[in-house]
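Written out below as structure tokens is the structure these notes cover.
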Amino acid sequence: AAGRWQRGYSSAGAAEYLHRSIVPTMHYQKSLPRLPVPKLEDTIRRYLNAQKPLLNDDQFRKTEELAHGFEKGIGKELHERLVAQDSQNKHTSYITGPWFDMYLKAREPVVLNFNAFMSFNPDPKSEYNDQLVRATNMTVSSIRFMKTFRDGYLEPEVFHLNPEKSDTEIFKKIIRFVPSSLSWFGAYMVNAYPLDMSQYFRLFNSTRVPKLNRDELYTDEKAKHLLVLRNGNFYIFDVIDRDGNMLKPSEIQAHFKYILSDNSPAPAFPLGYLSSENRDTWALLRKNLLDNGNEAALQKVDSALFCLSLDDFPIKDFVHLSHTMLHGDGANRWYDKSFNLIITKDGTAGINFEHSWGDGVAVLRFQNEVFKDSTKAPAISPQSQPASVDSSRAVQKLDFKLNDALKAGITKAKQKFDASVEALSLNLIQFHEGGKDLLKQKKVSPDAVAQLAFQMAFFRQYNQTVATYESCSTAAFKHGRTETIRPASIHTKKCSEAFVRDLSKHSTEELQKLIVECSKYHGRLTKEAAMGQGFDRHLFGLRYLALSKGMALPDFYQDQAYAQLNHNIISTSTLMSPAVQLGGFGPVVSDGLGVGYQVHDDWIGCNVSSYPTRNGKEFLQCVYKSLEDIFNVLKGKKISS
55 AAGRWQRGYS SAGAAEYLHR SIVPTMHYQK SLPRLPVPKL EDTIRRYLNA
105 QKPLLNDDQF RKTEELAHGF EKGIGKELHE RLVAQDSQNK HTSYITGPWF
155 DMYLKAREPV VLNFNAFMSF NPDPKSEYND QLVRATNMTV SSIRFMKTFR
205 DGYLEPEVFH LNPEKSDTEI FKKIIRFVPS SLSWFGAYMV NAYPLDMSQY
255 FRLFNSTRVP KLNRDELYTD EKAKHLLVLR NGNFYIFDVI DRDGNMLKPS
305 EIQAHFKYIL SDNSPAPAFP LGYLSSENRD TWALLRKNLL DNGNEAALQK
355 VDSALFCLSL DDFPIKDFVH LSHTMLHGDG ANRWYDKSFN LIITKDGTAG
405 INFEHSWGDG VAVLRFQNEV FKDSTKAPAI SPQSQPASVD SSRAVQKLDF
455 KLNDALKAGI TKAKQKFDAS VEALSLNLIQ FHEGGKDLLK QKKVSPDAVA
505 QLAFQMAFFR QYNQTVATYE SCSTAAFKHG RTETIRPASI HTKKCSEAFV
555 RDLSKHSTEE LQKLIVECSK YHGRLTKEAA MGQGFDRHLF GLRYLALSKG
605 MALPDFYQDQ AYAQLNHNII STSTLMSPAV QLGGFGPVVS DGLGVGYQVH
655 DDWIGCNVSS YPTRNGKEFL QCVYKSLEDI FNVLKGKKIS S
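Numbering (my numbering), first residue to last: 55 to 695.
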């Protein structure tokens with residue numbers, strides 16, 4: 055009976071919750087430490103360290119001069135103002151406002167430029183990887199997640215450095231009686247770090263609404279319906295009843311079955327394309343939609359729990375999977391939704407999420423829980439019969455009234471979307487000659503080795519070192535977002551030169567030393583970033599402050615080298631999870647590479663997005679060669695160029 059209570063069964067007998075945490079979900083939120091504003095001198099020193107490998111001596115001297123001038127002059131003044139402003143706003147972090155603004159003021163389409171994807175591993179039980187079965191199970195688990203979170207029963211997100219001490223029943227039973235204003239310190243005493251969960255509420259019933267100049271985030275927690283897209287058609291039905299209980303899984307299954315067997319033709323002008331447009335263009339078209347009698351329908355789209363996209367084709371391979379989850383066909387997605395749960399004909403599942411409202415950590419937790427629940431406690435089985443309900447009454451197909459301007463707008467959006475997708479290449483490799491286990495045994499950081507391989511590869515391919523970005527979560531702080539790790543350093547440059555250009559001049563032992571040096575430095579940068587001690591967000595905050603006060607932009611920010619450092623040619627991100635098969639995103643600049651990677655116990659996976667000015671496939675071949683070289687050197691083998 056305890057098990058039944060734990061999961062909270064409704065009268066219908068289906069579990070309404072994933073679990074019931076002893077510690078309330080938001081127990082630690084109030085006492086989370088605040089994101090520090092770094093010392094200005096530290097920021098300038100770290101900035102110059104990041105600039106060093108990218109500039110020649112003359113350029114560096116000029117940049118150094120501007121940086122020190124900024125540090126003593128206007129920068130000092132801005133920094134003091136930022137610190138004062140920050141201490142007036144203790145409920146949040148100094149980066150929250152500027153960061154939301156950065157995302158919401160951006161006018162580029164969200165698809166390919168901001169939205170990222172993560173695809174789910176298949177269900178270990180192969181017969182459960184059926185589109186109808188998996189759509190039902192994942193939807194039920196998603197609703198359970200939402201209910202568990204909203205009712206305060208979701209386990210708080212905690213980073214355990216010593217799980218045998220802190221991830222225990224006894225610790226949880228004690229800490230729940232420690233008041234919220236002190237609870238963080240209690241966790242800290244046992245080496246556990248609670249993480250910020252302020253983004254989670256935007257997972258559901260949320261949408262990014264296009265507006266001229268700056269978009270808005272909209273959330274309506276009262277809405278009870280799900281949005282389902284199939285073949286470019288929009289369907290909605292309630293999944294929560296008036297008492298707040300979930301619809302029976304067999305009824306959800308029946309409605310999905312009805313939608314999957316609906317043979318209405320695809321719309322001649324699929325509305326989904328509008329959400330792939332330039333944001334100002336889309337804002338004007340949206341106004342036209344509203345003026346044309348579509349207000350109720352759009353309201354349903356915006357407020358829906360989430361968007362489930364059912365695709366009518368199976369997945370061919372990993373490249374096809376990446377294209378499907380990153381952008382798909384444009385008609386069967388609503389890119390503005392906080393996330394689209396995508397399930398293809400063969401039951402392959404993934405998530406495409408809008409990035410302004412939150413970061414990978416919140417989405418990843420959601421994916422982990424949904425994967426675990428839908429595979430370990432699935433609501434229906436392949437043998438389950440759908441309920442005998444009248445789906446034609448419960449399911450509403452949304453009808454949009456389009457005038458000529460809207461039709462033309464959709465046609466143009468489709469042309470632009472198709473052209474962007476046409477220009478995008480996705481490539482991937484799997485390196486099976488080693489992974490995390492071997493690297494830890496050799497006492498080097500797995501992440502540092504992956505990043506070193508990217509530096510080495512680019513150096514081999516283009517003979518240069520360029521601005522590189524690795525994102526690092528700062529969720530250990532109240533309203534933390536991300537900080538940048540700058541993986542391109544004088545150490546990686548020196549190491550790349552040795553491996554690519556001057557191999558004959560170095561013994562294996564010397565090469566090992568160079569790798570260890572890179573690993574140590576990268577480890578330090580990672581630790582600093584996670585503690586809010588990077589330089590990128592601080593400089594961004596100071597620049598934002600200057601502009602918001604109507605000041606002239608300081609010379610420091612007008613430096614060519616500053617612009618170049620923020621033109622991130624290699625943009626990288628990694629996420630590890632038992633639920634995720636692979637993740638990826640588009641390049642952040644037109645001549646860039648978007649690198650998603652995972653270092654597993656005994657292999658390394660890497661996928662790269664690129665546009666025609668860069669050869670992503672060749673880059674990955676160079677990454678493979680670099681990994682091979684690094685692993686061989688660590689094993690004490692001699693390598694050849």
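The beta-carbon is built from N, C-alpha and C at its ideal position, and this holds for glycine as well.
In this text the structure is predicted, and so the values were computed from the model without any measurement.
Considering residue i, what are the terminal residues of the beta strand (DSSP E) in which it resides?
i	result
residue 172	170 to 174
residue 184	No beta strand (DSSP E) contains residue 184, which DSSP labels as neither H nor E.
residue 647	647 to 653
residue 524	522 to 527
residue 404	403 to 407
residue 543	Counting along the chain, residue 543 falls outside any beta strand (DSSP E), and DSSP gives it neither H nor E.
residue 102	First-last for residue 102: 94 to 105, but that is the alpha helix (DSSP H), not the beta strand (DSSP E).
Between the options, which lies nearest to residue i when the distance is taken from Cα to Cα?
i	options	result
residue 71	609, 533, 147, 207	207
residue 465	660, 117, 328, 190	328
residue 698	655, 321, 471	Since the first residue of the chain shown is 55 and the last is 695, residue 698 is not available in this structure.
residue 269	154, 120, 140, 577	154
residue 354	263, 335, 231	263
residue 69	326, 519, 434	434
residue 507	652, 132, 156	652
residue 549	650, 373, 511	511
residue 432	191, 123, 687	191
residue 335	389, 266, 369	266
residue 455	482, 492, 346	346
residue 276	358, 117, 537	358
residue 430	171, 109, 188	188
residue 351	413, 453, 403	453
Whole angstroms are fine: how far does the CA of residue j sit from the CA of residue i?
i	j	result
residue 112	residue 524	27 angstroms
residue 498	residue 573	6 angstroms
residue 678	residue 661	12 angstroms
residue 237	residue 534	18 angstroms
residue 203	residue 397	24 angstroms
residue 106	residue 544	7 angstroms
residue 468	residue 394	19 angstroms
residue 166	residue 529	25 angstroms
residue 314	residue 284	8 angstroms
residue 775	residue 257	Outside the displayed span of the chain (55 to 695) sits residue 775, for which this structure offers no information.
residue 675	residue 495	26 angstroms
residue 214	residue 558	45 angstroms
residue 194	residue 226	28 angstroms
residue 12	residue 690	Here the chain covers residues 55 to 695 and nothing more, so residue 12 does not appear.
residue 673	residue 515	7 angstroms
residue 89	residue 147	6 angstroms
residue 309	residue 448	8 angstroms
residue 665	residue 639	12 angstroms
residue 609	residue 576	30 angstroms
residue 67	residue 427	Low per-residue confidence applies at residue 67: pLDDT is 49, beneath 50, and the placement is therefore not dependable enough to give any value.
residue 415	residue 634	13 angstroms
residue 624	residue 552	21 angstroms
residue 58	residue 222	The predicted model places residue 58 with a pLDDT of 49, which falls under 50 and marks its position as unreliable, so this point remains unresolved.
residue 117	residue 595	20 angstroms
residue 619	residue 445	55 angstroms
residue 439	residue 459	45 angstroms
Give the DSSP bridge partners of residue i, in chain order.
i	result
residue 88	532
residue 451	289
residue 114	Answer is none; residue 114 lacks a bridge partner.
residue 664	479, 647
residue 393	407
residue 659	484, 652
residue 385	Paired residue(s): none; residue 385 is not in a bridge.
residue 76	Looking at the DSSP assignment, residue 76 forms no beta bridge with any residue, so it has no partner.
residue 284	287, 364
Is residue i near the ligand GDP, judged by its Cβ being under 7 angstroms from some heavy atom?
i	result
residue 300	The ligand GDP is not part of the structure shown, which contains no ligands of any sort.
Residue range of the alpha helix (DSSP H) that residue i falls in?
i	result
residue 674	670 to 688
residue 313	303 to 315
residue 430	414 to 430
residue 159	150 to 159
residue 138	128 to 141
> Which whole runs of the alpha helix (DSSP H) in the segment 342 to 371 are 4 residues long or more, in chain order?
Replying inline: 349 to 357
> Which runs of the beta strand (DSSP E), 3 residues or longer, sit entirely within the segment 580 to 642?
Replying inline: Here the runs fully enclosed are 624 to 628, 634 to 639.
> What beta strand (DSSP E) runs, 3 residues minimum, are completely inside the segment 210 to 279?
Replying inline: 212 to 214, 246 to 248, 260 to 263, 270 to 273
> What runs of the beta strand (DSSP E), each 3 residues or longer, lie entirely inside the segment 450 to 522?
Replying inline: 479 to 485
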